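Okay, so the sequence shown: first residue is 56 according to the working numbering, each after it adds one.
Glycine is no exception: its CB is placed at the ideal position from the N, C-alpha and C atoms.
Computed from a prediction, not measured in an experiment: that's the story for all the values here.
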Amino acid sequence: MVPPGPRLSRREAAKEVADLRQAAKDSVGHVYEITGLEAARGLGEATSDVLVIDRPGWSEANAASFRELLAPALAAAAEKKPDLLREGSNSQVFGSAVTGAELGGILGFLSANVLGQFDPFHSSPSAPNGRLLLVAPNIVSIAEQLQVDRTDFRLWVCLHEQTHRVQFTAAPWLGDHLREKITQLSTSTMSNTEGLPQRLAEALKSLRAEKKKQKKNGSDDDAGTATNPVPRNRLLEAIQSPEDREIMSHITAVMSLLEGHANVVMDAVDTSIVPTVKTIRSRFEDRGKHRSQLEKLVRKILQLDAKAAQYRDGQKFVGHIVEKVGMAKFNTIWEAPEHLPTEQELHNPDQWIERMHLL
């Protein structure tokens, strides 16, 4: 599933790794200047928590994170259905094979497209508070595709990813908070398998009827509606409990906030920091127009475009608040879980400003 990366000599590869580490180090100071978050001060001094990896390395790192995050949910599911863990059982053999193949395919596809990632759930002696992953072959490959300055592109990518590290450092409770919500959602989903085939059939029937009605009215369910502005996995929503939907809504709002904030930081970068930033932005945004039909299909299946739309909403949320009350007041969002926006507030930022008494 993983296409080969760019061909580099050993010396070229070593230089790329060194340059990426330097870009990661240099970017933190710029994040501090833009956000004013004290958590960013000094974060770039050590690079022990920066992992420059290839595509298989990224897949391996994420498989390890999934294993850790899903362990409580798998334990809960196995408690209800011990057959899941019995060696040689149909559930164990075929369930593991199908799930492993699906996850492997997803990781294989993403590993050739992800530029970088901050993993807040990783903990080790060298990186106790999460680690930054930079996928070197993808950064090289996309810089070549876009025909942009590679030094500027490295720094541009690192600015986004280091913003995430600063977020979790400014809000040291955030990683545990997200882990708790993900555990609640995954445990509930995996444990609540009774009657799942029937619920799936009913949900599919309902969605087909809704789709026909929308086509008749000339509307598009992928575009969202006034009452449900965020594109969603409607089938997943249909089989979830109200409690699960509430948790999913919260996770969606938080992830949109994190990505939106990182995009705002990137947009605040000017030519004094990244000389060719305007060219990089323009060509990177145009890149999506030239995807193959297969890539477009996979992105639709994985809901990647829906996620991108949610992150744009997060960017609008952050941008509106910063413009209205300033960055210093916006930064109160990192002080406590109660300060995080709801999904409703994400689309109505003035409601968050009012709740936080910032005017």
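| query | result |
| --- | --- |
| Are at least three pairs of beta-carbons, each pair with one atom in the region 104-121 and one in the region 339-349, less than 8 Å apart? | no |
| In the structure shown, what three-state DSSP assignment does glycine 279 receive? | Because the pLDDT of glycine 279 is 48, which lies under 50, any placement of that residue in the model is unreliable, and the question is left without a value. |
| Where does glycine 171 fall in DSSP's three states? | strand |
| For isoleucine 108, does the three-state DSSP call read helix, strand or coil? | strand |
| Taking the alpha-carbon positions, what's the phenylalanine 173 to alanine 226 distance? | 14 Å |
| Are threonine 206 and alanine 308 close, meaning C-beta to C-beta below 8 Å? | no |
| If you check the beta carbons only, do valine 353 and histidine 316 fall under 8 Å apart? | no |
| Which class does arginine 346 belong to by DSSP, given the choice of helix, strand or coil? | coil |
| Assuming threonine 387 and valine 221 are in contact, meaning their beta carbons sit under 8 Å apart, how far apart are those beta carbons, in whole angstroms? | Actually they do not touch by this definition, with Cβ atoms about 15 Å apart. |
| Look at aspartate 368 and leucine 401 and say whether their C-beta atoms are less than 8 Å apart. | yes |
| Apply the 10 Å Cβ neighbour rule to alanine 79 and answer buried if 16 or more other Cβ atoms are within range, or exposed otherwise. | buried |
| Tell me whether proline 192 is buried or exposed, calling it buried when 16 or more other Cβ atoms sit within 10 Å of its Cβ. | buried |
| Tell me, please, which residues DSSP counts as bridged to arginine 186. | Asp174 |
| Can you tell me whether histidine 412 is helix, strand or coil according to DSSP? | coil |
| Got a sec? Which residues, its chain only, sit under 8 Å from isoleucine 237 by beta carbon, not counting five neighbours each side? | Leu124, Ile306 |
| Evaluate serine 241 with the Cβ neighbour count: other Cβ atoms within 10 Å of its Cβ, from every protein chain shown; 16 or more gives buried, anything less gives exposed. | buried |
| Quick one: what's got a C-beta closer than 8 Å to valine 195's C-beta in the same chain, skipping five residues either side? | Gly60, Pro61, Leu63, Glu71, Arg205 |
| Determine the closest residue to proline 127 out of Arg234, Leu189, Lys379, Thr326, with distance taken between C-alpha atoms. | Arg234 |
| Hey, would you say glycine 163 sits closer than 8 Å to methionine 56, going by beta carbons? | yes |
| Taking the alpha-carbon of threonine 218 as reference, which of Phe385, Glu378, Lys355, Val83 has the nearest alpha-carbon? | Val83 |
| What whole-angstrom Cβ distance do valine 332 and valine 324 have, given they're in contact under 8 Å? | 5 Å |
| If we ignore side chains and look at the alpha-carbon of each, how far apart do tyrosine 366 and leucine 313 end up? | 8 Å |
| For the alpha helix (DSSP H) containing arginine 336, name the first residue and the last one. | 332-341 |
| If you drop the 5 nearest sequence neighbours on each side, which residues of the same chain put their C-beta closer than 8 Å to that of threonine 326? | Val332, Lys333 |
| For the candidate residues Asn117, Lys379, Pro175, Asn184, whose alpha-carbon lies nearest to that of leucine 165? | Asn117 |
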